[in-house]
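With our numbering as the guide, the letters of the sequence shown map in order to residues 93 to 362.
Think of the CB as a built atom: it goes at the ideal place given N, C-alpha and C, for glycine as much as any other residue.
Remarks on the structure that follows.
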Amino acid sequence: MVATSLKIAAIQMVSVKDWKSNLHQACLMIKEAAMAHAKLVVLPEFFIQITGQDDGKRLDIAEALGDGVIQRKLSQVAKECNIFLNAGTILIKASDKQYYNTSIIYDQNGELLVYYNKIHLFKFKDENNEYDESITFKAGKDIVSADILGFKVGLSICYDLRFPELYRKMGELDFILLPSAFTYTTGKAHWEILARSRAIENQCYFIAVNQGGIHETGRHTYGHSMIIDPWGRVVSSCEEGNQIIYATIERDVIAEVRKKLPALEHRVID
Numbered sequence: 093m094v095a096t097s098l099k100i101a102a103i104q105m106v107s108v109k110d111w112k113s114n115l116h117q118a119c120l121m122i123k124e125a126a127m128a129h130a131k132l133v134v135l136p137e138f139f140i141q142i143t144g145q146d147d148g149k150r151l152d153i154a155e156a157l158g159d160g161v162i163q164r165k166l167s168q169v170a171k172e173c174n175i176f177l178n179a180g181t182i183l184i185k186a187s188d189k190q191y192y193n194t195s196i197i198y199d200q201n202g203e204l205l206v207y208y209n210k211i212h213l214f215k216f217k218d219e220n221n222e223y224d225e226s227i228t229f230k231a232g233k234d235i236v237s238a239d240i241l242g243f244k245v246g247l248s249i250c251y252d253l254r255f256p257e258l259y260r261k262m263g264e265l266d267f268i269l270l271p272s273a274f275t276y277t278t279g280k281a282h283w284e285i286l287a288r289s290r291a292i293e294n295q296c297y298f299i300a301v302n303q304g305g306i307h308e309t310g311r312h313t314y315g316h317s318m319i320i321d322p323w324g325r326v327v328s329s330c331e332e333g334n335q336i337i338y339a340t341i342e343r344d345v346i347a348e349v350r351k352k353l354p355a356l357e358h359r360v361i362d
C-alpha cells in the first residue's frame, strides 16, 4: 500500500526511575495517539528508563533483540492499536558489560519491521555535567532506512543529529525519525537549529522527539519536541513535560518543495 499522507504522533516524556511506570505511561500515551488517528507513533530515547550520568544502572533492563517483557508489550500495543510504532530506544544486550541503544519499529501486526543501533555515541563535559556513552554502549555500524506505507523513512537517534553525512548515505527520504534525550545545555543551544537544518538539506519531514524536563535523577532534558516540514517550517511543537504533538506527512508537500528547489538533483559531491 502506498499512502499519500501519514498522520504521525510524537510522544514527549519525562521518564522516571521506575521502568514499569515508564512503560505504563508510554502505553497510555500510545493509545491516546491511536485514538486521535495517528498511524505512526514515536517515543523518545530512553523512554523506558533515564538515569543521571551513570548509564551502567540501566544494564538490568537490557534485553536480547526480539525477546523480553518490554519488547513483547510494545509489540502487543502496536498490534492492538493497529499502528506503526517507533519504540524510541530500548537497551539491547551486546555483551555482559555493554549494550546497544536500539530504535525498533513495529508494524501494524506487532511484528518487528526494522531496528537501528545508534552509531554516534555522545560525549560531553562542562563544569556541571559529564557524559560518555562509550563506557557502557557499543556503537552500531549499519545505516538503516525502512518503508512505511510507501514512505521512505530514515532511522537515527539523538547525537546522530549532528552528523549530516549519516542522512546523505540513506539517499532521498520522505521523513526522518530522531528519538532523543538531548541535555538541556546542548538542546537550548543547538536542538532546533540542527533539526531544522536536517529537514531543509534533505528536503523531507523531520520528527524530533525528545525527553523534556527535570527527571527524578536530577538530569534535565531539553524537551521542545518538534515536527518540521521539508521547507524547514516547524509545523508542530511543544515545550516541556509529558505531551503528544501531531502532524501529517504529505507526499505532495515533499514533491512541491523538491520541484521548486531541486537541490537534491544539484548535488555533485557524494
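Taking the straight line between their C-alpha atoms, what separation do you get for residue i and residue j?
i       : j       : result
Leu-356 : Trp-323 : 13 angstroms
Gly-263 : His-358 : 14 angstroms
Asp-159 : Ile-182 : 12 angstroms
Glu-332 : Phe-274 : 12 angstroms
Val-106 : Cys-119 : 14 angstroms
Leu-157 : Val-360 : 39 angstroms
Ile-140 : Phe-216 : 23 angstroms
Leu-253 : Val-345 : 23 angstroms
Pro-271 : Thr-228 : 19 angstroms
Ser-317 : Val-327 : 11 angstroms
Val-236 : His-307 : 31 angstroms
Leu-177 : Ser-187 : 27 angstroms
Arg-290 : Ala-101 : 19 angstroms
Glu-293 : Gly-202 : 33 angstroms
Lys-352 : Arg-343 : 15 angstroms
Ala-363 : Tyr-276 : Outside the shown range of the chain, which is 93 to 362, sits residue 363, and nothing can be said about it.
Ile-268 : Gln-190 : 27 angstroms
Val-169 : Ile-319 : 23 angstroms
For the alpha helix (DSSP H) holding residue i, just list the boundary residues, first then last.
i       : result
Thr-340 : No alpha helix (DSSP H) holds Thr-340; the beta strand (DSSP E) holding it covers 335-342.
Ser-289 : 276-294
Leu-258 : 256-260
Quick one: what does DSSP say residue i is sitting in, helix, strand or coil?
i       : result
Ile-196 : strand
Lys-365 : Outside the modelled stretch of the chain, which goes from 93 to 362, sits residue 365, for which no answer is possible.
Gln-145 : Any answer about Gln-145 is weak, because its pLDDT of 48 lies below 50 and its placement is not dependable; what the coordinates show is given next. Coil.
Ser-422 : Outside the shown range of the chain (93 to 362) lies residue 422, about which nothing can therefore be said.
Ala-154 : coil
Lys-215 : strand
Ala-179 : coil
Ile-346 : helix
Val-301 : strand
Val-245 : strand
Lys-351 : helix
Met-93  : coil
Ala-126 : helix
Ile-361 : coil
Ser-107 : coil
Met-121 : helix
His-271 : According to the sequence as given, residue 271 is Pro; it is not His. Three-state DSSP puts Pro-271 in a strand.
Leu-265 : coil
Gln-190 : coil
Determine the burial state of residue i: buried for a count of at least 16 other Cβ atoms within 10 Å of its Cβ, exposed for fewer.
i       : result
Val-94  : exposed
Asn-174 : exposed
Asn-220 : exposed
Lys-230 : buried
Glu-137 : buried
Asp-199 : buried
Thr-194 : buried
Ile-103 : buried
Locate the beta strand (DSSP E) running through residue i, then write down its first and last residues.
i       : result
Tyr-314 : 312-314
Tyr-208 : 204-209
Ser-237 : 237-240
Ile-140 : Note, Ile-140: premise wrong, no beta strand (DSSP E); not H, not E.
Ser-167 : No beta strand (DSSP E) contains Ser-167, which is instead part of the alpha helix (DSSP H) from 161-173.
Considering only heavy atoms of the ligand ATP, does any lie closer than 8 angstroms to the CB of residue i?
i       : result
Ala-347 : What this structure holds is no ligand at all, so the ligand ATP is not there to describe.
Taking 8 angstroms as the threshold, find out whether the segment 289-301 comes into contact with the segment 333-350 through three or more Cβ pairs.
Contact between the segment 289-301 and the segment 333-350 is present, because at least three Cβ pairs lie under 8 angstroms.
Should the segment 313-329 be called in touch with the segment 112-129, which here means at least 3 C-beta pairs below 8 angstroms?
With the cut-off at 8 angstroms, the segment 313-329 and the segment 112-129 do not touch.
Across the segment 310-318 and the segment 249-269, are there enough close Cβ pairs to call them in contact, namely three or more that are closer than 8 angstroms?
No: the two stretches stay apart, fewer than three of their Cβ pairs being nearer than 8 angstroms.
Count the C-beta pairs between the segment 207-223 and the segment 163-178 that are closer than 8 angstroms, then say yes if the count reaches three, no if not.
Contact between the segment 207-223 and the segment 163-178 is absent, because fewer than three Cβ pairs lie under 8 angstroms.
Quick test of the definition: if touching needs 3 or more C-beta pairs under 8 angstroms, does the segment 239-256 touch the segment 109-116?
Fewer than three Cβ pairs drawn from the segment 239-256 and the segment 109-116 lie within less than 8 angstroms of each other, which leaves the two stretches out of contact.
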